[in-house]
Amino acid sequence: ILGWATLVVYAVVIGAEHMMVTRNFVTYMTTNSILIGAEFDKIVTILSVTLILALAVRRGRGLLIEAVSEQMAARELSRFFDPGVAGHIRDAESEISAGEGVTRNAAVLNIDIRGFTRLAAKMDPSHVVRVLSVYHDRIVPIIRRNGGTIDKFMGDGIMASFGTSADETPFAANALRTIDEIVEEIARWKLERGDEGGFDPASINMAVASGEIVFGAVGSNERLEFTVIGPAVNLSAKLEKFNKELGSTALATAELLQVARRQGYGSKRAIEQRDVAIPGTSGSIAIARLY
Numbered sequence: 002i003l004g005w006a007t008l009v010v011y012a013v014v015i016g017a018e019h020m021m022v023t024r025n026f027v028t029y030m031t032t033n034s035i036l037i038g039a040e041f042d043k044i045v046t047i048l049s050v051t052l053i054l055a056l057a058v059r060r061g062r063g064l065l066i067e068a069v070s071e072q073m074a075a076r077e078l079s080r081f082f083d084p085g086v087a088g089h090i091r092d093a094e095s096e097i098s099a100g101e102g103v104t105r106n107a108a109v110l111n112i113d114i115r116g117f118t119r120l121a122a123k124m125d126p127s128h129v130v131r132v133l134s135v136y137h138d139r140i141v142p143i144i145r146r147n148g149g150t151i152d153k154f155m156g157d158g159i160m161a162s163f164g165t166s167a168d169e170t171p172f173a174a175n176a177l178r179t180i181d182e183i184v185e186e187i188a189r190w191k192l193e194r195g196d197e198g199g200f201d202p203a204s205i206n207m208a209v210a211s212g213e214i215v216f217g218a219v220g221s222n223e224r225l226e227f228t229v230i231g232p233a234v235n236l237s238a239k240l241e242k243f244n245k246e247l248g249s250t251a252l253a254t255a256e257l258l259q260v261a262r263r264q265g266y267g268s269k270r271a272i273e274q275r276d277v278a279i280p281g282t283s284g285s286i287a288i289a290r291l292y
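This is the structure we're talking about:
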């Protein structure tokens, strides 16, 4: 703009001598003469386009920064929340409040290391953290790969749900496939682990139950937590503890096993089923000893 204006001023200054300035539009269009009004229009047009482009670049830069910031925030959110929960939080059309939830048929898986509290008391705290880190790094990807949602970490315990963050999923089959893969991973870990200060990966126990649960936010307005609530949650936790009584590694309710088979789960192994009395529950419950 400045350069063009300089040329126009120069032409006006020398115009008196060389007849460069004209007031006739035809002369302006057919010769090298200058029409002041037309040149002014050019300068205004260039200035307008420049301003528009500057605003567009600024807005584009702002959108880029916003997109990058949202992507980074989403990535950080997924580090503290399960991806399914993080997506639910990001996509919420309004502020999430305590007490909001959805009811779904789902499976709840509890995983725990038998005797870990006693073992941890004999370990250096840094070694305990290292063992738990390796434990989580091996187990969590299997859960997520099979469509599971990590509900919470409880020291050496992990609670996960299947079928809570999405409808119409083979939640029972996915839960049992997760257990199968974890058992295989435990066997690999046992061969690879070397000296873990007395920790035995084979001491990992699991149990899964299914039923109607509520998945949603609980807590106060200042501190919320997404979790699952329902009889299946409590039964899964009690079944996991019952592994010690049976000397088993993984248990499931017989009802969940039936649902899983209808959902396409197939196991070549013979799975023992029996009725047992679980402490803290009324009557007997049909269970399946998976491992």
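Taken in order, the sequence shown gives residues 2 to 292; the numbers are from my numbering.
Here a beta-carbon is modelled for each residue, glycine too, at the ideal position from N, C-alpha and C.
Legend entry - Coarse secondary structure for T282, derived from DSSP in three states: Position 281 of the sequence shown, counted from the first residue, corresponds to residue 282. Coil, per DSSP.
Legend entry - Cβ-based burial, L240 [other Cβ within 10 Å; buried from 16]: If you number the sequence shown from 1, residue 240 lands on position 239. Classification of L240: buried, given that the 10 Å Cβ count is 16 or more.
Inset, instruction - For S285, collect the residues of the same chain with a Cβ closer than 7 Å to its Cβ; drop the 5 residues on either side in sequence, then sort them by chain order. - result: For the purposes of this step, residue 285 is taken as residue 284 along the sequence shown, with counting starting at 1. Cβ within range, chain order: D276, V277 and A278.
Inset, instruction - Name, in chain order, the residues that DSSP records as bridge partners for N106. - result: Here residue 106 refers to the residue found at position 105 of the sequence shown. Paired residue(s): E213.
Legend entry - Inter-residue CB distance, S211 and E246 (contact presumed, cutoff 8 Å): Position 210 of the sequence shown, counting from 1, holds the residue named residue 211. Position 245 of the sequence shown, counting from 1, holds the residue named residue 246. The pair is not a contact, with the Cβ atoms about 21 Å apart (cut-off 8 Å).
Inset, instruction - Compare the Cα-Cα distances from S204 to each of F216, L133 and R115 and report the closest residue. - result: What you label residue 204 is simply residue 203 of the sequence shown in a count that begins at 1. Nearest neighbour of S204 by Cα position, chosen from F216, L133 and R115, turns out to be R115.
Legend entry - V229 versus V103: straight-line alpha-carbon distance, rounded: On the sequence shown, position 228 is the one that residue 229 refers to. On the sequence shown, position 102 is the one that residue 103 refers to. Rounded to the nearest angstrom, the two C-alpha atoms are 10 Å apart.
Inset, instruction - Find out if the Cβ-Cβ distance for the pair L258, T179 is shorter than 8 Å. - result: Reading the sequence shown from its first residue, position 257 is the one you call residue 258. Reading the sequence shown from its first residue, position 178 is the one you call residue 179. Going by C-beta atoms, L258 is not nearer than 8 Å to T179.
Legend entry - Local Cβ density within 10 Å of E40, reported as buried at 16 or more and exposed below that: Residue mapping note: residue 40 aligns to position 39 of the sequence shown, counting from 1. Note on E40: 16 or more other CB atoms within 10 angstroms of its CB, so buried under the neighbour-count rule.
Inset, instruction - Output the distance between the C-alpha atoms of V50 and V58, rounded to the nearest integer angstrom. - result: Along the sequence shown, one-based indexing puts residue 50 at 49. Along the sequence shown, one-based indexing puts residue 58 at 57. Between V50 and V58, the C-alpha separation is close to 12 Å.
Inset, instruction - State yes or no: is the C-beta of D326 within less than 8 Å of the C-beta of D113? - result: With the chain covering only 2 through 292, there is no way to say anything about residue 326.
Inset, instruction - Just grab the DSSP bridge partners of E226 for me. - result: The residue you call residue 226 lines up with position 225 of the sequence shown. Answer is V219, bridged to E226.
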